[in-house]
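Working notes, beginning with the structure itself.
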Amino acid sequence: MTETVAIGSYKDHERAALDAAFAPLHLDHVGALADLPQDVRESVRAVAYKGHRPFGAAEMDLLPALGIIANYGVGFDAIDVAAARARGVAVTNTPDVLNDDVADLAIAMWLMQVRETEHASRWVREGQWKARGEYRLNRQASGKRAGILGLGRIGREIAGRLQGFKMDIHYHARSEKETPGWTYHADPVALAAAVDVMFVALVGGSATAGYVSREVIEALGPEGVLVNISRGTTVDEAAMLDALETGRLGGAALDVFLNEPDIDPRFFAIPSVVIQPHQGSGSAETRAAMAALQRENVAAFLAGLALPTPV
Ligand code: 8YV
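Below is the structure:
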């Protein structure tokens with residue numbers, strides 16, 4: 000009997016820990032569920048999910064005894080939570096344990112963009128420093144105006160770090176928060192117009208798709224920088240590419256894209272873009288904590304206990 004299925008590409012040590020705890024059946028991707036024999040599908044009660052492909056009603060209906068989808072990651076936009084609710088399937092995620100890593104990377108990417116550290120490093124490696132002298136001047140990071148789009152757990156960590164950079168903090172969220180000294184904007188376009196750099200820390204999913212619209216991008220403007228550590232879907236990517244290529248947006252620092260990892264090759268030709276391979280939570284320490292929390296959710300479900308982190 001197969002009680003648990005682990006879907007996705009787990010590191011060897013994560014896989015070993017899953018095997019020790021649940022002896023799951025491993026599948027590379029959610030599409031492989033359809034290939035399982037019916038008796039196997041009917042015995043599955045828990046899925047440990049690590050992936051960004053949609054896990055929707057059709058996949059859930061392949062597993063009639065399913066009781067939990069334990070997601071590896073804080074963002075659960077790949078999982079149709081309404082379809083899960085309708086079927087009595089619990090969904091859990093791995094919040095909080097990755098806040099520091101993701102906020103750290105947001106700050107690092109912003110500094111890379113404005114101080115041009117990637118280009119400057121290449122200047123040295125390619126012998127240009129010796130041959131041609133000083134690297135070109137770039138832009139100051141500290142003391143500017145920062146906007147946070149989405150003031151959830153990760154957005155707050157980013158804002159907290161930015162205070163150390165003597166930034167003026169502005170934000171847009173669904174509602175105004177108790178944040179003395181920070182400026183609330185009811186409209187994302189107004190936020191973009193008020194700041195030098197905007198950090199996108201929204202949740203993913205249909206509710207925020209294209210939230211960073213053409214208007215928001217234009218309001219950020221030729222001197223503005225967009226940093227995205229949330230989901231590629233939150234930004235109108237076509238509008239962003241157009242604006243970057245024509246200088247109507249000053250720059251971008253992106254850890255997330257549409258169609259990862261097969262991202263739009265236009266990004267590669269734009270020098271003002273910092274590109275990261277969706278590695279916000281990707282330190283060994285944080286991934287260990289995420290994997291452990293995912294396992295704790297599966298274990299609690301199988302033992303009939305309260306789930307540590309339901310969504
Ligand atoms: C991924 C993430 O889950 O937590 C999230 O929402 O985007 C990441 O941590 C991770 O890349 C594993 O797929």
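Numbered continuously in numbering that gives the first Met the number 0, the sequence shown closes out at residue 310. A virtual CB, placed ideally from N, CA and C, is assigned to each residue, including glycine.
Alpha carbon of residue i to alpha carbon of residue j, nearest angstrom
i	j	result
A192	L225	12 Å
T308	E13	19 Å
L304	T93	17 Å
G66	A56	13 Å
S282	A130	37 Å
E295	F21	11 Å
L150	D11	35 Å
R86	S205	21 Å
A5	G72	14 Å
Y9	E133	45 Å
G50	D241	29 Å
V255	G203	11 Å
G74	D99	15 Å
E259	A119	27 Å
I269	R124	20 Å
P36	H277	34 Å
G249	M197	12 Å
A81	E41	21 Å
L190	F300	42 Å
T1	G7	17 Å
R265	V272	10 Å
P221	G246	6 Å
S174	E58	35 Å
K176	A288	29 Å
A47	E284	20 Å
H28	F54	10 Å
T373	D167	The displayed coordinates of the chain run from 0 to 310. Any statement about residue 373 would go beyond what the structure contains.
L26	T3	11 Å
W128	R121	9 Å
D110	A140	Before going further, note that residue 110 is Leu rather than Asp in the sequence given. Taking the straight line joining both Cα atoms gives about 7 Å.
I274	L62	38 Å
K143	R213	23 Å
Q112	M239	16 Å
L219	V188	8 Å
L136	T116	11 Å
D195	G223	5 Å
K165	A89	43 Å
H171	P23	42 Å
I153	L292	18 Å
T91	N70	6 Å
L148	A15	38 Å
S229	L257	11 Å
D95	R155	11 Å
D60	L17	24 Å
P179	A145	15 Å
Limits of the unbroken alpha helix (DSSP H) element including residue i
i	result
R152	R152 to Q162
V80	V80 to A85
D60	A56 to D60
K129	Q127 to R131
Simplified DSSP assignment, three categories, for residue i
i	result
L65	coil
R14	helix
A299	helix
P187	helix
R44	coil
T116	helix
F75	coil
L104	helix
L97	coil
T285	helix
First and last residue of the uninterrupted beta strand (DSSP E) at residue i
i	result
T3	T3 to I6
T308	Where T308 is concerned, there is no enclosing beta strand (DSSP E), given that its DSSP letter is neither H nor E.
R144	R144 to L148
M197	V196 to V199
A318	In the structure as shown, the chain starts at 0 and stops at 310, and residue 318 therefore has no counterpart that could be examined.
L26	L24 to L26
Y170	D167 to H171
Chain D within 8 Å of residue i, Cβ atoms only
i	result
R213	Structure shown: chain D not included; a single protein chain is present.
Whole runs of the beta strand (DSSP E) within the segment 202-278, excluding any shorter than 3 residues: 224-227, 250-253 and 272-274
Is the segment 229-236 touching the segment 208-216, taking contact as three or more C-beta pairs under 8 Å? yes
For the segment 100-107 and the segment 150-165, state whether three or more C-beta atom pairs, one from each stretch, are separated by less than 8 Å. yes
Residue list, Cβ distance to the ligand SAM heavy atoms smaller than 5 Å: As far as ligands go, the structure on display features the ligand 8YV and does not contain the ligand SAM.
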